[in-house]
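Peer 1:
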Amino acid sequence: MIDKFFSRNMPRKWTDLSYAGETRVPSSLDSSAYSWPMFFLRGDGKGNFTDINGNPVALEITHADNIDFEGKELDAVRKTLADLTQEQICIAEYWNAGPPTKQWTPIIDRLIDTYDMSPARSARILGAVHGGINDCAVITWHFKYHFNVARPNQLDQTLGTIVCTPYHPSYPSGHSLLAGCTEVLLGYFFSPEKEQLKRLAEECAISRLYGGVHYPADCSEGLRLGRQIGQIVVGILENQYDRLGCRMDYPITESRHAALMPPPYEQVIKYERPRVCHSKLDPRQCPEAR
Numbered sequence: 015m016i017d018k019f020f021s022r023n024m025p026r027k028w029t030d031l032s033y034a035g036e037t038r039v040p041s042s043l044d045s046s047a048y049s050w051p052m053f054f055l056r057g058d059g060k061g062n063f064t065d066i067n068g069n070p071v072a073l074e075i076t077h078a079d080n081i082d083f084e085g086k087e088l089d090a091v092r093k094t095l096a097d098l099t100q101e102q103i104c105i106a107e108y109w110n111a112g113p114p115t116k117q118w119t120p121i122i123d124r125l126i127d128t129y130d131m132s133p134a135r136s137a138r139i140l141g142a143v144h145g146g147i148n149d150c151a152v153i154t155w156h157f158k159y160h161f162n163v164a165r166p167n168q169l170d171q172t173l174g175t176i177v178c179t180p181y182h183p184s185y186p187s188g189h190s191l192l193a194g195c196t197e198v199l200l201g202y203f204f205s206p207e208k209e210q211l212k213r214l215a216e217e218c219a220i221s222r223l224y225g226g227v228h229y230p231a232d233c234s235e236g237l238r239l240g241r242q243i244g245q246i247v248v249g250i251l252e253n254q255y256d257r258l259g260c261r262m263d264y265p266i267t268e269s270r271h272a273a274l275m276p277p278p279y280e281q282v283i284k285y286e287r288p289r290v291c292h293s294k295l296d297p298r299q300c301p302e303a304r
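In the working numbering, the protein residues as written are 15 to 304.
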C-alpha cells in the first residue's frame with residue numbers, strides 16, 4: 015500500500031526525505047558508529063560480525079524489504095498516536111530523556127545495592143552491561159544505515175510526534191536493542207529479577223512507538239536482536255574463570271524483590287531538558303517524565 019501523501023515514484027529512503035515540519039533532508043548523527051571498536055563481538059566495518067574467537071555470527075533481524083513500513087507499519091504509528099493515554103505519553107517522554115543509559119544505569123545501581131554486590135563484582139557488572147550496550151549500538155548503526163528506512167514523519171508529512179525524531183534511520187530501534195541486551199545481561203547477574211527486567215525492556219521498546227518516532231517492527235525486531243546479542247555476551251561471561259579456576263560469576267537464587275524504576279516516571283538523575291525540535295511535535299506532553 016502506498017501512502018497517500020506521496021506518489022509511487024517518490025524517494026522512500028531516510029536520506030531522501032525531510033522530516034515533517036522541516037525543509038531539508040536530515041543530517042546524519044554518528045553515521046560512522048558502525049565501524050567503532052566492540053568489546054564482546056568483532057566487526058569489519060562492512061556488516062560482518064564474529065564472536066571473540068572469530069566465529070561468524072548470524073544476527074537475527076528480518077530484512078527491511080520484508081516489512082510493510084509504508085502501509086501496515088505506518089498505519090500502526092498513526093493509530094497509536096491517535097489513541098495515546100497520558101500514561102503512555104509519560105512512558106514515551108521518560109525513556110526518551112537522554113541516551114538509553116540515562117534510565118538503565120540507575121536500574122543497574124539499584125540492583126547492585128539491593129543484592130549488596132562487592133566493589134569488584136559491581137565493576138564487573140557495570141563493565142559487562144555497558145560493554146554489551148556499546149556492541150549493540152555499533153550493530154544498530156550498521157543496520158540503520160544499511161537498510162536506510164525512513165522515519166514515520168518522513169512518510170507522513172502531517173505527523174506530529176510526542177518526542178523529537180532522532181537524526182538517523184528508523185530500522186531497527188536502538189533503544190529496543192539496548193533494552194533487550196540489558197535485560198538478558200542483568201537477568202544473568204540477577205536471575206530472580208528476570209520478570210521485572212523483561213517488563214522494563216518491553217516498556218522501553220514500545221515507548222519508541224508511543225513517541226511516534228519508530229514503527230512497531232523497529233521495536234520488536236530491535237528487542238529480539240538485542241536479546242540475541244545479550245545471550246552471546248552471557249556465553250562469554252559464563253565461561254570466564256579466575257586464577258584459582260573458579261567461575262567468576264555465581265548464581266543468585268533468593269529474590270530480594272528489587273524496587274526497580276519506573277514507575278514513577280521521573281528521572282532518577284534529573285537534568286533540565288527542554289522539549290524543542292525542528293520537526294513537527296504533537297502538543298501533548300509529560301514534562302515531569304523528562
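Every residue, glycine too, gets a C-beta built ideally from N, C-alpha and C.
Is it a yes or a no for the stretch 148–161 touching the stretch 37–48, going by three-plus beta-carbon pairs under 8 angstroms?
Peer 2: Touching, yes.
Peer 1: Judging by CA-CA distance, which residue of D127, Y229, E216 is the nearest neighbour of E84?
Peer 2: It is Y229 whose Cα lies nearest to the Cα of E84.
Peer 1: State yes or no: is the C-beta of L237 within less than 8 angstroms of the C-beta of A219?
Peer 2: Yes, the pair counts as a contact, with Cβ atoms nearer than the cut-off.
Peer 1: Determine the extent of the alpha helix (DSSP H) in which C150 is found, giving its start and end residues.
Peer 2: Looking at the DSSP string, the run of the alpha helix (DSSP H) that includes C150 is 133–161.
Peer 1: Going by C-alpha to C-alpha distance, which of L191, I250, Q245, F203 sits closest to A231?
Peer 2: Cα-wise, what sits closest to A231 is L191.
Peer 1: If contact is defined by three or more beta carbon pairs under 8 angstroms, each pair taking one atom from either stretch, is the stretch 27–43 in contact with the stretch 173–180?
Peer 2: Yes, they touch.
Peer 1: Label C260 either buried or exposed according to how many other C-beta atoms from any shown protein chain fall within 10 Å of its C-beta, with 16 as the threshold for buried.
Peer 2: It is exposed - the Cβ of C260 has fewer than 16 other Cβ atoms within 10 Å.
Peer 1: What are the boundary residues of the alpha helix (DSSP H) that includes E354?
Peer 2: Outside the displayed span of the chain (15 to 304) sits residue 354, for which this structure offers no information.
Peer 1: Tell me the rounded alpha-carbon separation between D82 and P120.
Peer 2: Cα to Cα, the separation comes out at about 36 angstroms.
Peer 1: Identify the continuous alpha helix (DSSP H) that holds K86 and give its terminal residues.
Peer 2: From DSSP, K86 is part of no alpha helix (DSSP H); its letter is neither H nor E.
Peer 1: Just verifying my parser: in three-state terms, what is the DSSP assignment at K208?
Peer 2: Note: K208 maps to helix in three-state DSSP.
Peer 1: If we ignore side chains and look at the alpha-carbon of each, how far apart do P288 and R304 end up?
Peer 2: Their backbone Cα atoms lie some 9 angstroms apart in a straight line.
Peer 1: Rounded to a whole number of angstroms, what is the C-alpha to C-alpha distance between D89 and S234?
Peer 2: D89 and S234: Cα-Cα distance of roughly 16 angstroms.
Peer 1: Looking at C-alpha atoms only, which residue of I103, G59, H271 is the closest neighbour of P301?
Peer 2: Taking only the C-alpha atoms, the option nearest P301 is I103.
Peer 1: Shortest alpha-carbon distance to D296 belongs to which of E207, Y185, G225, S42?
Peer 2: Checked all of E207, Y185, G225, S42; the closest Cα to D296 is G225.
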